[in-house]
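Mapping to UniProt numbering: the sequence shown position 159 is 159, numbers consecutive. One structure is given below, encoded as structure tokens.
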Amino acid sequence: MKPALQRANVSQLEFKLSLLTPLGITSSDLVKIVTCRPKFFSSRIHLVLDERINYFIDILGSKEVLRRAIIRNPSLMLYDLDDKIKPAIEFYKGLGFSQEDLVAMLMSRPTVIPRTSFNKGKLEYIQKTGVTRDSKMFKYVAAIIGVTRMETIQEKVANLEKFGLSEEEIWCLCGKCPILLTLSVEKVQRNMTFVVATMKLAARSVLKHPFLLLANLETQIRPRVDLVKRVFEMGMKPLVEDVSIATALRMSEKRFLKVYVMCHQEDVVEELMEFYEKAKSVKRLGVESKKYVRKGFPF
């Protein structure tokens, strides 16, 4: 048994369980909750738990959805209801988010709501993207800016400005591809440096091709650029001529190999595949130990 649960007040524990049981939470669910948040039952959630449950049932539409949301993120029962949860949800509603959007957000990205904070500065950032409320992209833009600290946003904008992009261009880019605001400064620096220094493309190329910033440099961009260069150095031609490098980078792996590798003689194919596999296996120092998990917003 978890130490925090052993120290829990028995009467309070019984009261909390009596409120959670009608939601359909099983003993198996309780194990998951305590494993995820060991101090869940020793916290003072009993003070407003019934109010919180009723509020979330109203927002999510059913007890079953709330049960699944609690299992996904037990802290929904711990966050400050009046100072954190309600203001964030009301703000999202004011921005045009539907109940369906809020349910999807809480189920897919359960920490988004409590991490959300809006102020005048963030609303100005949303306006600078040029994305209007009737646009399908608006929810993505608003949610990503809402959960990102002002200092972090400023740092990421300044990072792109170093490469000669104007603030207006950067915000327009974020409006078209808001997921860029979730990328680390280091990743953007490395991709931009490669685009400008190695690919010899103008920095503004990313405005038309945001993929150049999103794609993995080690496993996709660099190996493909090197392979295309190798094909031309060998005096060979791709299956489809006049294909831009940006288009080549966007191709599926099967299509890319068909255009640049499989269209040649067997001995050339073997040589190019060996070269390509070797290029993809070269990892930056320290990358092996990192795990990248990116989840998109569920709208």
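Yeah, the Cβ is synthetic: ideal placement off N, Cα and C, and Gly gets one too. Note that this is a predicted model, so its numbers are computed, not measured.
Please list the terminal residues of the continuous alpha helix (DSSP H) segment that includes residue i.
| i | result |
| --- | --- |
| PHE105 | The question names Phe, but residue 105 is Met in the sequence shown. Run containing MET105: 99-108, per the alpha helix (DSSP H) assignment. |
| GLN265 | Here GLN265 belongs to no alpha helix (DSSP H), and DSSP marks it neither H nor E. |
| ASP29 | 27-36 |
| ALA88 | 86-94 |
| ARG52 | 49-60 |
| ASN191 | 185-193 |
| GLY24 | Where GLY24 is concerned, there is no enclosing alpha helix (DSSP H), given that its DSSP letter is neither H nor E. |
| LYS176 | 167-176 |
| LYS200 | Here LYS200 belongs to no alpha helix (DSSP H), and DSSP marks it neither H nor E. |
| VAL196 | Note, VAL196: premise wrong, no alpha helix (DSSP H); not H, not E. |
| LYS39 | No alpha helix (DSSP H) holds LYS39; DSSP gives it neither H nor E. |
| LEU66 | 63-72 |
For residue i, tell me which candidate among the options has the shortest Cα-Cα distance.
| i | options | result |
| --- | --- | --- |
| LYS93 | ILE126, LYS136, ARG109, ILE59 | ILE59 |
| LEU183 | GLU90, ARG204, THR148, LYS162 | THR148 |
| ARG67 | SER27, VAL269, SER98, ILE85 | SER27 |
| GLY175 | PRO87, ASN191, PRO210 | PRO210 |
| LEU227 | LYS278, VAL185, GLN265 | LYS278 |
| LYS208 | LEU102, HIS264, SER244 | SER244 |
| MET105 | GLN154, ARG255, VAL65 | VAL65 |
| ALA69 | SER135, ASP29, ARG224 | ASP29 |
| residue 301 | LYS200, GLN127, MET199 | With the chain covering 1 to 299 only, the question about residue 301 has no answer from this structure. |
| LEU181 | LEU213, MET199, LEU201 | LEU213 |
| LYS16 | ALA202, VAL48, CYS172, VAL225 | VAL48 |
| ILE53 | VAL157, LYS162, SER18, GLU155 | SER18 |
| MET150 | LYS200, GLU124, ILE170 | GLU124 |
| LYS200 | ILE153, LYS229, PRO178 | LYS229 |
| THR219 | ILE179, TYR276, GLU271 | TYR276 |
| PRO223 | GLU266, MET107, THR132, GLU253 | GLU253 |
| SER135 | GLU14, CYS177, THR152 | CYS177 |
| LYS120 | ALA142, ASN159, SER108 | ALA142 |
Can residue i and residue j be called in contact, C-beta distance under 9 Å?
| i | j | result |
| --- | --- | --- |
| LYS63 | ILE71 | no |
| LEU257 | ILE221 | no |
| LEU113 | TYR79 | Before going further, note that residue 113 is Ile rather than Leu in the sequence given. Cβ distance < 9 Å, so ILE113 and TYR79 count as in contact. |
| GLY146 | LYS122 | yes |
| SER205 | ALA246 | yes |
| GLY130 | GLN99 | no |
| MET273 | VAL261 | yes |
| GLU51 | LEU81 | yes |
| VAL185 | GLU161 | no |
| LEU239 | VAL259 | yes |
| PRO87 | ARG37 | no |
| PHE138 | ALA203 | no |
| LEU102 | ILE89 | yes |
| VAL225 | THR193 | no |
| PHE91 | THR116 | yes |
| LYS144 | VAL157 | Residue identity check: residue 144 is Ile in the sequence provided, not Lys. Cβ atoms of ILE144 and VAL157: not closer than 9 Å. |
| VAL34 | PHE41 | yes |
| TYR55 | ILE25 | no |
So within the region 206-254, which uninterrupted beta strand (DSSP E) runs reach at least 3 residues, ignoring any that extend past its ends?
With a minimum length of 3 residues, there is no unbroken run of beta strand (DSSP E) contained wholly in the region 206-254.
Please go through the region 99-164 and give each complete alpha helix (DSSP H) segment of 4 or more residues, from N-terminal end onward.
You should have 99-108, 112-115, 120-128, 138-147, 150-161.
Check whether the region 189-198 touches the region 229-237, counting contact only when three or more Cβ pairs, one atom from each stretch, lie closer than 8 Å.
Output reads no: the region 229-237 does not touch the region 189-198.
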